[in-house]
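Under this note's numbering, the first residue of the sequence shown carries the number 9, and numbering increases by one thereafter. Shown next, in structure tokens, is the structure this report addresses.
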Amino acid sequence: MNKNFLYGIGRFTFKGKELGYIEKGSFDFGGKEPESVDVEAEQVPDAPVLSLAQKNGTIEPTFNLIQLNYENMVAVLGGTATATGWSAPAKLQNVEGEAVIDLVSGQTISIPNAKMIAYLSGKLTLTEVAKISCKVKVQKPEDGGAPYSITDTATGANA
């Protein structure tokens, strides 16, 4: 495998549970550029004299989960599951945990402190399936470490 490219969702795990099928073409890194503030001087009208870094670039992955078994619904939406159904949370719930994305290209993206923001979406027709629209909010880990990392995996997700 060529480690110079990132491609292909092989497996998405949240809070230690593999979530199942993600809709083709729906995964987006949601990358945001770094933020900075320019300092201007009266004596230098054509360019800033200094740029102060405010925030590193970030990611905020989004995807559509289409394998809607009741355990998957609890994993990303909260609530409770039984053998025959799912109930939405009765109170406000934070669904947080580690997210791990194994790529077909042979890398793993790890987000140690992720918050899952999710809701039911899609259409109930005979040509589409219902889905859960998911957004992964990347939060600073409690230990102060990196908010996410990309590492080589030994075999790749589909090897």
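All residues carry an ideal CB built from backbone N, CA and C; glycine is no exception. The structure displayed is predicted, hence computed values, not measured ones.
Through-space distance from residue j to residue i, alpha-carbon basis
i, j, result
"residue 81", "residue 150", "26 Å"
"residue 110", "residue 21", "8 Å"
"residue 165", "residue 68", "Summary for residue 165: the model assigns pLDDT 46, below 50, so the residue's position carries little reliability; its value from the coordinates is reported in the next sentence. In a straight line, the C-alpha of residue 165 is about 22 Å away from that of residue 68."
"residue 123", "residue 104", "4 Å"
"residue 130", "residue 106", "26 Å"
"residue 143", "residue 62", "24 Å"
"residue 52", "residue 46", "12 Å"
"residue 76", "residue 161", "28 Å"
"residue 79", "residue 60", "46 Å"
"residue 71", "residue 55", "40 Å"
"residue 125", "residue 42", "23 Å"
"residue 11", "residue 19", "18 Å"
"residue 95", "residue 44", "44 Å"
"residue 28", "residue 108", "13 Å"
"residue 92", "residue 13", "42 Å"
Counted within 10 angstroms of its Cβ, other Cβ atoms place residue i as buried (16 or more) or exposed
i, result
"residue 113", "buried"
"residue 88", "exposed"
"residue 167", "Summary for residue 167: the model assigns pLDDT 43, below 50, so the residue's position carries little reliability; its value from the coordinates is reported in the next sentence. When all chains shown are included, residue 167 counts as exposed."
"residue 156", "buried"
"residue 116", "buried"
"residue 171", "Residue 171 is absent from the structure shown; the chain starts at 9 and stops at 167."
"residue 158", "exposed"
"residue 255", "The displayed coordinates of the chain run from 9 to 167. Any statement about residue 255 would go beyond what the structure contains."
"residue 73", "buried"
"residue 85", "buried"
Assumed close pair residue i, residue j - CB separation to whole angstroms, cut-off 8 Å
i, j, result
"residue 83", "residue 145", "The Cβ separation is near 16 Å, so there is no contact."
"residue 39", "residue 65", "6 Å"
Option in the options with minimal Cα separation from residue i
i, options, result
"residue 49", "42, 57, 43", "57"
"residue 121", "135, 128, 102", "102"
"residue 153", "75, 142, 118", "118"
"residue 15", "28, 32, 25", "32"
"residue 128", "136, 137, 141, 135", "141"
Boundaries of the alpha helix (DSSP H) in which residue i is found, first to last residue
i, result
"residue 48", "First-last for residue 48: undefined, no H or E at that position."
"residue 84", "78 to 85"
Extent of the continuous beta strand (DSSP E) to which residue i belongs
i, result
"residue 127", "115 to 130"
"residue 18", "17 to 22"
"residue 88", "88 to 90"
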